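J.: The letter at position 143 of the sequence shown is residue 143 when you use the numbering used here, and the numbering goes up by one with no holes. The beta-carbon is built from N, C-alpha and C at its ideal position, and this holds for glycine as well. Since the structure is predicted, the reported quantities are computational estimates derived from the model, not experimental observations. Supplied in structure tokens, the structure appears directly below.
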Amino acid sequence: MKKTIGKYMVVGMVALTMTACNDSFLERTPTNNLNDAMYWKSEADLKAYANGIYNEAASNGTYKFMVGFHSDSYSVKITGPYSMEAMSDNFATMDGSQTWAAAVAAGIENQPSGNPSYGSWSWGLLRRINVFLENYNRATSLSETVRQRYAGEALFFRAWFYLYMVQTYGDVPLITHSLGTDDVEELYGPRTSRKEVMKQVLDDINTACSYLPAEKWGDNRLTKGAALALKARIGLYEGTYRKYHKLGDEAEFLNACVSACEELMGMGYEIYDTGNPAKDYTALFTTDDLDPNKEVIFYRKYESGLKRHRICGYALNLRNGGTKDFVDDFLCVDADGVARPVALSHDYSNDTPEEEFTNRDPRLSQTFLAPGNAAAAALFEDAAHAKRTFPRIGNMNGWPTLTGYHSIKYYIREQDKKGFNEETHDYPLFRYAEVLLNYAEAKAELGACTQDVLDKTINVLRDRVNMPHLTVNPEMDPKYAGYGISSLLVEIRRERRVELSFEYLRYQDLMRWAWGDKLKERVLGMRLEDSDFADPRYDGAITKGGTEGAGLNPIFVFKAEDGKQYIDVYENTNYATSRRSFNPNKDYLRPIPISVISKNLDLGQNPGWPTGQEDKDKK
């Protein structure tokens with residue numbers, strides 16, 4: 001019997017479809033079947049087709065790499081910054097649209113059995129890219145330079161697409177040309193090894209770097225800077241994944257990361273810093289137009305009447321929140337002026353929610369709503385909720401959170417007031433801050449991270465928020481003493497976690513570092529002692545789980561090793577500690593949908609996941 005990669009791979013791969021000519025790729029325009037013989041003549045043809053690649057890559061919910069903010073409530077929840085972060089140890093959720101992410105984090109994910117696009121096993125984007133790369137040189141009236149600019153965009157997206165597919169599935173079919181129904185061997189073929197696929201990814205992004213111009217050449221179109229930023233991300237991901245998963249040959253990719261970062265560091269990008277450590281970090285995520293910002297290398301553009309979203313409307317009104325484990329990774333600044341981890345701090349206190357946010361890295365109160373903080377309260381100065389006390393937990397009215405830590409990284413009150421699906425602030429996809437963090441980490445992994453490297457990278461980011469500098473021999477944080485890495489790498493990874501939260505990177509960071517076991521840990525929220533249940537700040541609206549008359553949405557608590565009591569976020573749910581697991585032989589890769597495997601047994605399944613044959617074998 002013939003076996004196929006899946007009918008869903010073929011759908012959209014056979015017919016030549018293109019996007020109608022538009023100068024901007026912001027708008028999803030009607031798709032038409034165009035006459036192939038009459039196409040591929042002008043720059044307008046190349047631009048229109050390339051715009052279609054941009055649009056499809058940003059498709060709501062299908063591909064989870066060029067994600068940003070979405071306009072429909074389903075997609076903004078499913079693939080928004082908060083749900084994607086809930087796959088990691090940074091965030092917890094019990095919102096119905098986001099529990100898929102909580103299930104991934106808990107190790108109890110259900111294997112997709114229906115439409116394979118739900119598991120991102122979708123190949124229409126690749127088809128579109130390959131068609132372009134086979135035809136763009138037919139526009140012979142254009143200079144080679146112009147043609148290559150658009151080809152560079154296509155190669156960029158092919159590299160990004162395959163990076164995501166390898167991150168998700170490991171070995172995947174490598175297809176570098178458009179397929180027709182007669183291409184039986186490839187359509188019905190097995191997966192290609194990860195090593196071969198990633199070699200192609202590196203080749204593609206290198207070519208994209210050589211094709212794309214350094215200067216701006218259109219409305220938020222890709223540049224060489226964006227290609228180099230993606231190359232750095234690819235190199236760091238694959239290099240560290242190979243190292244910590246013991247696959248070998250990591251140096252090639254780590255050095256690719258280093259070279260890309262070094263080139264970028266000479267191209268005029270800079271960290272956004274106006275000298276206001278209380279606001280400069282959050283301004284990156286609450287600015288309507290990111291085009292003038294020299295830190296932002298590539299971003300998703302939104303504009304009134306064209307492309308809008310609804311992130312603010314969902315920022316605080318879903319049942320979610322930051323984790324204690326994440327909040328604890330923000331450094332304390334003690335009275336002696338030294339920055340220390342919570343476990344080593346002389347002055348840290350979490351006796352009250354206000355104290356927990358006192359004398360901390362300023363990014364903490366720019367990521368989560370700081371109780372008692374005037375700047376945070378000003379977010380809601382014209383809202384009824386402004387008169388209420390934060391944090392809001394349990395059954396309290398007005399934006400209660402699971403954990404006590406309300407995310408505000410992307411929240412702008414003025415945008416929220418615009419109404420449903422009318423928000424227009426831009427979303428950064430690649431920032432110079434990530435480049436600096438990538439460089440520091442890659443150099444450390446290569447044993448070449450000097451104080452000069454730190455001063456050009458980590459300490460530039462700390463300067464923005466007026467934090468003490470990192471040195472090459474920091475004291476080991478007891479929290480990470482058993483992880484088998486140096487104290488320097490601990491601090492570089494901490495900086496990455498703090499700086500890049502809610503930017504779709506934390507889950508893959510855990511995967512590449514082989515830190516999956518962190519997802520098994522009990523998920524805790526803010527401190528909440530028994531006496532706090534009667535605290536007037538909570539309006540008598542919180543009840544303790546497991547007690548008589550606990551009612552709806554009670555709060556369960558757990559006494560930790562420090563003798564203090566914290567919100568036990570998932571207790572009495574499907575994601576409770578007793579049910580959490582992480583199998584290192586299985587959970588570093590996601591399952592290929594059963595519907596796909598049933599059509600092509602030669603694809604095989606990732607280790608530990610059902611193949612779809614188990615029930616048949618029982619018969």
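(1) In the structure shown, what three-state DSSP assignment does residue 558 receive?
(2) Short of 8 Å in beta carbon distance, which residues of its chain neighbour residue 134, apart from the five on each side in sequence? Order them along the chain.
(3) Tell me whether the beta-carbon of residue 311 lies closer than 7 Å to the beta-carbon of residue 91.
(4) Could you give the first and the last residue of the continuous alpha helix (DSSP H) run that contains residue 258?
(5) What's the call for residue 307, buried or exposed, on a 16-neighbour Cβ count within 10 Å?
(6) So, under 8 Å CB-CB, residue 297 and residue 314 are touching, yes? Tell me the CB distance rounded to an integer number of Å.
(7) Compute the Euclidean distance between the alpha carbons of residue 226 and residue 54, then round it to the nearest angstrom.
(8) Under the rule that 16 or more other beta-carbon atoms within 10 Å means buried, what is residue 247, buried or exposed?
(9) CB-CB under 6 Å to residue 103, same chain, minus the five flanking residues each way: which ones, in chain order?
(10) Examine the Cβ distances between the segment 258–266 and the segment 521–541 and report whether three or more of them are shorter than 8 Å.
(11) Whole angstroms are fine: how far does the CA of residue 181 sit from the CA of residue 472?
(12) What does the Cβ neighbour count give for residue 469, buried or exposed, with the cut at 16 atoms within 10 Å?
(13) Roughly how many whole angstroms lie between the Cα atoms of residue 254 and residue 184?
(14) Put residue 607 into one of helix, strand or coil per three-state DSSP.
(15) If we ignore side chains and look at the alpha-carbon of each, how far apart do residue 335 and residue 203 end up?
(16) Would you report the Cα separation of residue 475 and residue 285, rounded to the nearest angstrom?
(17) Opposite residue 309 in the DSSP bridges: which residues?
(18) With a CB to CB cut of under 7 Å and the five nearest residues on each side skipped, what residues in its chain are close to residue 198?
(19) Reducing DSSP to helix, strand and coil, say where residue 566 ends up.
(20) Are the beta-carbon atoms of residue 436 and residue 319 separated by less than 7 Å?
(21) In angstroms with no decimal places, state the Cα-to-Cα distance between residue 279 and residue 295.
(22) Measuring only the C-alpha atoms, how far is residue 452 from residue 364?
(23) What are the boundary residues of the beta strand (DSSP E) that residue 127 is part of?
(24) According to DSSP, is residue 394 part of a helix, a strand, or is it coil?
(25) With distance defined between alpha-carbon atoms, name the residue in 522, 329, 464 and 50 nearest to residue 697.
(26) Pick helix, strand or coil for residue 209, following the three-state DSSP scheme.
(27) Please report the straight-line C-alpha distance between residue 423 and residue 81, rounded to a whole angstrom.
(28) Given this structure, state the Cα-to-Cα distance separating residue 511 from residue 536, to the nearest angstrom.
(29) By how many angstroms is the C-alpha of residue 210 removed from the C-alpha of residue 509?
(30) Is any beta-carbon of chain B found at less than 7 Å from that of residue 545?
(31) Assign residue 552 to buried or exposed, taking buried as 16 or more other Cβ atoms, counted over all protein chains shown, within 10 Å of its Cβ.
(32) Would you mind reading off the limits of the beta strand (DSSP E) that contains residue 526?
(33) Quick check: what's the CA-CA separation for residue 443 versus residue 340?
(34) So what does DSSP say about residue 18, is it helix, strand or coil?
(35) Using a 10 Å radius around the Cβ and a threshold of 16 neighbouring Cβ atoms, would you call residue 251 buried or exposed?
(36) Please work out which residues of its chain come closer than 7 Å, Cβ to Cβ, to residue 528, disregarding the five sequence neighbours upstream and downstream, and give them in chain order.
T.: For this structure:
(1) DSSP, reduced to helix, strand and coil, places residue 558 within a strand of the structure shown.
(2) Excluding residues within five positions, the ones whose Cβ falls inside 8 Å are 177 and 178.
(3) It is not a contact, given that the beta carbons lie outside the stated cut-off.
(4) Note, residue 258: alpha helix (DSSP H), 250–264.
(5) It counts as buried.
(6) Actually they do not touch by this definition, with Cβ atoms about 26 Å apart.
(7) One C-alpha to the other measures close to 14 Å.
(8) Looking at its Cβ environment, which holds fewer than 16 other Cβ atoms inside 10 Å, residue 247 is exposed.
(9) Only 109 meet the Cβ criterion.
(10) Touching, no.
(11) Cα to Cα, the separation comes out at about 57 Å.
(12) Per the 10 Å Cβ criterion, exposed.
(13) Looking at the two C-alpha atoms, the distance is approximately 37 Å.
(14) For residue 607, the secondary structure class from DSSP, reduced to helix, strand or coil, is coil.
(15) In this structure, the CA atom of residue 335 is about 51 Å from the CA atom of residue 203.
(16) Residue 475 and residue 285 have their alpha carbons spaced roughly 32 Å apart.
(17) Looking at the DSSP assignment, residue 309 forms a beta bridge with 423.
(18) Once the five neighbours on either side are set aside, the close Cβ partners of residue 198 are 166 and 238.
(19) Residue 566 falls in the strand class under three-state DSSP.
(20) Contact: no.
(21) Rounded to the nearest angstrom, the two C-alpha atoms are 15 Å apart.
(22) When rounded, the distance between both Cα atoms is 27 Å.
(23) Not the beta strand (DSSP E): residue 127 falls in the alpha helix (DSSP H), residues 124–135.
(24) Three-state DSSP puts residue 394 in coil, outside helix and strand.
(25) No information on residue 697 is available, as it lies outside the stretch 1 to 619 that the chain covers here.
(26) Looking at residue 209 - three-state DSSP - the assignment turns out to be helix.
(27) Between residue 423 and residue 81, the C-alpha separation is close to 15 Å.
(28) About 43 Å.
(29) Straight through space, the alpha carbons of residue 210 and residue 509 are spaced by roughly 28 Å.
(30) No chain B appears in this structure, which consists of one protein chain only.
(31) When all chains shown are included, residue 552 counts as exposed.
(32) Its beta strand (DSSP E) spans residues 524–527.
(33) Answer to the nearest angstrom: the Cα atoms are 23 Å apart.
(34) In this predicted model, residue 18 has a pLDDT of only 37, less than 50, meaning its place in the structure is not dependable; the value taken from the coordinates is given anyway. Taken through DSSP and simplified to helix, strand or coil, residue 18 comes out as strand.
(35) Residue 251 should be labelled exposed.
(36) For residue 528, same chain residues with a beta-carbon under 7 Å away, outside a window of 5 residues either side, are 555, 557, 565, 566 and 567 in chain order.
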